[in-house]
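Report on the following structure.
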Amino acid sequence: MWGGRILGKGTYGCIYQPILKCRKKKGKNIENSSDSKLVGKITSKRDSQNELAVAKILSKIKGSSNYTIISELDSCTPRAKSRQDDKDIERCDFLENNKLQDSVQLLMPWGGYPLSRINLDPHVFDFFRFSKEILACGAFLVTNNLCHFDIWGQNFLFDKHNKPKLIDFGFTFQPNKLIIDDLKERWRIYSFDHDTETPEVTLMLGTHDNVPLVNLINGLEREKPAVQRLVAFCEVNSADWSNDLLKWTKMSKSFQQHDWLHCWKVYWPGFDAWSIGAVLLQVLEIELSIPEFVNSASWISQGSKIKEVLKGLTRANPIDRLDAAEALSLLTNGYHPLISVGSVGSDWVEEKKRMRS
387 MWGGRILGKG TYGCIYQPIL KCRKKKGKNI ENSSDSKLVG KITSKRDSQN
437 ELAVAKILSK IKGSSNYTII SELDSCTPRA KSRQDDKDIE RCDFLENNKL
487 QDSVQLLMPW GGYPLSRINL DPHVFDFFRF SKEILACGAF LVTNNLCHFD
537 IWGQNFLFDK HNKPKLIDFG FTFQPNKLII DDLKERWRIY SFDHDTETPE
587 VTLMLGTHDN VPLVNLINGL EREKPAVQRL VAFCEVNSAD WSNDLLKWTK
637 MSKSFQQHDW LHCWKVYWPG FDAWSIGAVL LQVLEIELSI PEFVNSASWI
687 SQGSKIKEVL KGLTRANPID RLDAAEALSL LTNGYHPLIS VGSVGSDWVE
737 EKKRMRS
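To convert, take the position in the sequence shown, counting from 1, and add 386; that gives my numbering.
What follows is the structure, given as structure tokens:
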């Protein structure tokens, strides 16, 4: 079976299952080895190169399959639209400006459904387990010197046991290997309501466009959904949050000098942390609208700890923000395997404590 329905689409491209028809490769006929358990990601050659490079890195890290779903270390060139059987081809916005045969199809195992497809009824969805598990995904990356840089609900896939794993590593980078051209490929139009984009990156984008700093900070305070949820659910004062962000802009020499590369190399652990915090706040808003959750023994006993973690993940000043490993340690009292005594994660958390003291 070839060219199934479209499962998802975005600026990166589109996801299909089963995979689209591909051109034959020398020594390998992908078309005759179709696997209905595979999904195909149609994307640009540039994005595919980074995703395959990260997949190669992750494939060599022990335990990566517990937290990530990566592309196979191979790809194929899709056949032209006229050679495809799939009626959903026309639904892929990416192909409006890109020829199918000029794109790349990455192959990956079926991993489940994104957050938008998950039933969040507290009778079947455990918010506290979910919090630990997506923090573990972030902790795994940060302690292996990787920043995903595109964490949001659709980039978590949930299996039949509701266990989430991260996908889509097209923007992922290793901070110690980051160069200015890498920033250019990840540069985007600034937006105050981009919920999972860390505020310091929004400031960099806006400052680069010569938007006054006061306008940027005020815009984030008023329009960023995560900030509004912090105020509503975590008793955070929005003016104090803004002042902390302003304080950082005055303290950071790299920000003042518009040295964006250095900013990214220094503050990258907080990028994914903010994104995870924003996702958790989105889900918490839904859970708090359900009386059974609000009145549950779990929320009554653990709610204050969850709020503490969320405030740590979404601190305006990236110097003070908890990264995912620190937040996981706080939430689990240091008992998760990734950050338990003797682990790389434990050393990471202890070093961060030393730096903060």
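The C-beta atom is built at its ideal place from N, Cα and C for all residues, glycine as well.
From the options, residue whose alpha carbon lies closest to that of residue i
i, options, result
"residue 564", "406, 620 and 646", "646"
"residue 401", "608, 527 and 475", "475"
"residue 576", "567, 593 and 737", "593"
"residue 694", "619, 643, 637 and 671", "619"
"residue 710", "702, 491, 690 and 731", "731"
"residue 436", "672, 733 and 535", "535"
"residue 491", "578, 713, 531 and 424", "424"
"residue 456", "441, 399 and 488", "441"
"residue 684", "515, 591 and 662", "515"
"residue 708", "644, 689, 399 and 741", "741"
"residue 496", "439, 393 and 438", "393"
"residue 562", "482, 530 and 481", "530"
"residue 749", "718, 728 and 589", "Outside the shown range of the chain, which is 387 to 743, sits residue 749, and nothing can be said about it."
"residue 469", "686, 574, 486 and 590", "486"
"residue 566", "644, 606 and 600", "644"
"residue 706", "687, 572, 739 and 448", "739"
"residue 517", "568, 667 and 687", "667"
"residue 483", "432, 399 and 546", "399"
Cβ-based neighbour list, residue i, same chain, cut-off 7 Å, excluding 5 preceding and 5 following
i, result
"residue 541", "552, 553 and 554"
"residue 617", "624"
"residue 413", "A caution first: residue 413 carries a pLDDT of 44, below 50, which makes its placement in the model unreliable, though a value can still be read off. Correct list: empty, nothing qualifies."
"residue 680", "674"
"residue 473", "none"
"residue 560", "531 and 532"
"residue 434", "461, 490 and 492"
"residue 590", "646 and 649"
8 Å CB neighbourhood of residue i in its chain, flanking five on each side removed
i, result
"residue 586", "631, 634, 641, 649, 653, 656 and 704"
"residue 665", "501, 520, 537, 538, 539, 542 and 582"
"residue 504", "511, 544 and 548"
"residue 670", "513, 615, 619, 692 and 696"
"residue 735", "711, 712, 715, 720 and 725"
"residue 446", "none"
"residue 453", "522, 523, 526, 527, 551 and 552"
"residue 723", "729"
"residue 403", "390, 391, 393, 422, 424, 425, 426 and 496"
"residue 604", "628"
"residue 466", "485, 486 and 487"
Check whether residue i and residue j have beta carbons under 9 Å apart
i, j, result
"residue 659", "residue 556", "no"
"residue 479", "residue 676", "no"
"residue 744", "residue 391", "Outside the shown range of the chain, which is 387 to 743, sits residue 744, and nothing can be said about it."
"residue 429", "residue 489", "yes"
"residue 460", "residue 406", "no"
"residue 661", "residue 584", "yes"
"residue 426", "residue 464", "yes"
"residue 477", "residue 570", "no"
"residue 612", "residue 663", "yes"
"residue 609", "residue 627", "no"
"residue 602", "residue 588", "yes"
"residue 621", "residue 509", "no"
Residues sharing a beta bridge with residue i, DSSP
i, result
"residue 561", "In the DSSP output, where bridge partners are listed per residue, residue 561 has none listed."
"residue 440", "None; residue 440 has no bridge partner."
"residue 628", "DSSP, once it has assigned bridges, lists no residue as partnering residue 628."
"residue 429", "399 and 490"
"residue 464", "408"
"residue 635", "According to DSSP, which records beta bridges pairwise, residue 635 is partnered with nothing at all."
"residue 542", "552"
"residue 424", "495"
Reduced DSSP secondary structure (H/G/I, E/B, other) of residue i
i, result
"residue 704", "coil"
"residue 533", "strand"
"residue 391", "strand"
"residue 497", "coil"
"residue 614", "helix"
"residue 716", "helix"
"residue 516", "helix"
"residue 360", "This structure gives no information on residue 360, because the portion of the chain shown stretches from 387 to 743."
"residue 419", "Bear in mind that a pLDDT of 46 at residue 419, under 50, signals an unreliable position, so the model cannot answer this."
"residue 413", "Because residue 413 sits at a pLDDT of 44, beneath the cut-off of 50, its placement in the model cannot be relied upon, and the following sentence gives the value as read from the coordinates. It is coil, neither helix nor strand."
"residue 454", "strand"
"residue 335", "This structure cannot speak to residue 335, because the chain is shown only from 387 to 743."
"residue 723", "helix"
"residue 506", "coil"
"residue 574", "coil"
"residue 459", "coil"
Own chain, CB closer than 6 Å to residue i, minus 5 neighbours either side, in chain order
i, result
"residue 450", "444"
"residue 579", "609"
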